Structures are given as C-alpha cells and as structure tokens.
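When the letters of the sequence shown are read in order and numbered with the numbering used here, they come out as residues 15 to 129.
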Amino acid sequence: MTCMTARWSFSWSDGEWLTSRTPPADENLRLAVETLIIPFGQHWQAVDNFLKVWRKMEREESADYSVSTPGAVVEKISNDAVEICDLYDQFEDVRLPADEFVTLLEDLSVAMREQ
Numbered sequence: 015m016t017c018m019t020a021r022w023s024f025s026w027s028d029g030e031w032l033t034s035r036t037p038p039a040d041e042n043l044r045l046a047v048e049t050l051i052i053p054f055g056q057h058w059q060a061v062d063n064f065l066k067v068w069r070k071m072e073r074e075e076s077a078d079y080s081v082s083t084p085g086a087v088v089e090k091i092s093n094d095a096v097e098i099c100d101l102y103d104q105f106e107d108v109r110l111p112a113d114e115f116v117t118l119l120e121d122l123s124v125a126m127r128e129q
C-alpha cells in the first residue's frame with residue numbers, strides 16, 4: 015500500500031499524459047495509472063464522468079465494485095483501497111489508497127483544464 019499523503023502531477027507531452035508522484039511511485043504503479051488514463055486523452059469531461067460514476071457506485075455499493083476505461087479496470091476492494099487491474103498484460107495489478115485514487119483523478123481533471 016502506498017502513502018496516504020501521496021500527490022500526483024500530470025504533464026501533456028507528445029500526445030500523452032506523463033505522471034509523476036510525490037513520494038515517487040514505482041514503475042509498475044506509474045504504468046498502471048498511465049494505462050488507465052490514456053483513453054481520456056485531453057478530455058477533462060471524460061475524467062469527470064468517470065469520477066461521477068465512481069462516486070455513484072460508492073454511494074450505492076460502498077465497496078466491491080469496479081469501473082473501467084478501455085485501458086484498465088479499477089476495483090474498490092475495501093473502504094480504504096482500490097486495485098488497478100491490467101487488461102492487456104502491460105503491468106501487474108496494483109493497489110493504492112482509495113483517497114489517493116480519487117485525488118489523482120481530480121488533479122488530472124484540473125491539469126487537463128489548465129492545459
């Protein structure tokens with residue numbers, strides 16, 4: 015499990031979002047996040063819609079649900095954790111705090127709007 019105070023930042027370069035994390039993420043976690051967000055392109059509305067569905071499922075299901083992009087599936091495995099699951103053998107499934115996951119998507123939406 016990663017640190018709860020982790021923060022992600024995003025930069026657009028050569029047609030894709032590059033990620034960085036403080037404290038640094040291992041390569042597998044970075045790749046999992048980038049694979050998940052690739053289908054969003056530069057569309058903050060897609061990120062916001064993903065978050066809208068995520069929050070709706072959270073209200074209705076509490077835990078044990080999943081939402082996906084064409085790149086990866088995110089499963090809420092407990093009240094405190096999510097697992098980003100690989101669809102195409104690009105990374106190993108990885109867990110991170112649920113709050114960190116939501117915050118990284120919110121920060122991505124902001125980065126897209128500012129770009």
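Note that beta-carbon positions come from the ideal geometry of N, C-alpha and C, so glycine has one too. Everything numeric in this text was worked out from a predicted model, so none of it was measured.
Express the C-alpha separation of Q59 and S123 in angstroms, rounding to a whole number.
Position 109 of the sequence shown, counted from the first residue, corresponds to residue 123. Position 45 of the sequence shown, counted from the first residue, corresponds to residue 59. Roughly 8 Å separates the two Cα atoms.
In three-state terms, what does DSSP make of T83?
Locating residue 83 in the sequence shown gives position 69, counting from the first residue. Looking at T83 - three-state DSSP - the assignment turns out to be coil, as it is neither helix nor strand.
Applying the criterion that 16 or more other CB atoms from any shown protein chain within 10 Å of the CB defines a buried residue, is E74 buried or exposed?
On the sequence shown, position 60 is the one that residue 74 refers to. Burial call: exposed.
Which whole-angstrom value describes the C-beta separation of F64 and V87, a residue pair presumed to lie in contact below a C-beta threshold of 8 Å?
In the sequence shown, the residue the question calls residue 64 occupies position 50. In the sequence shown, the residue the question calls residue 87 occupies position 73. That pair is no contact at about 12 Å.
Among the candidates D94, I98, V108 and F24, whose CA atom is the shortest distance from the CA of G135?
Summary: the structure shown does not reach residue 135, with the chain confined to residues 15 through 129, and so no result is reported for it.
Please report the Cβ distance between C99 and E89, rounded to the nearest whole angstrom; I am assuming they are in contact, meaning their Cβ atoms lie under 8 Å.
Stepping through the sequence shown from its first residue, residue 99 is reached at position 85. Stepping through the sequence shown from its first residue, residue 89 is reached at position 75. 6 Å between Cβ atoms; contact.
Apply the 10 Å Cβ neighbour rule to G85 and answer buried if 16 or more other Cβ atoms are within range, or exposed otherwise.
Here the question's residue 85 lines up with position 71 in the sequence shown. Label assigned to G85: buried.
Considering only the alpha carbon of each residue, which of W26, S27, V61 and D107 lies closest to A95?
Within the sequence shown, residue 95 is the residue found at index 81, counting from 1. Among W26, S27, V61 and D107, the Cα nearest to that of A95 is on D107.
Three-state secondary structure assigned by DSSP to F115:
The residue given as residue 115 occupies position 101 in the sequence shown. Residue state, collapsed to three classes: helix.
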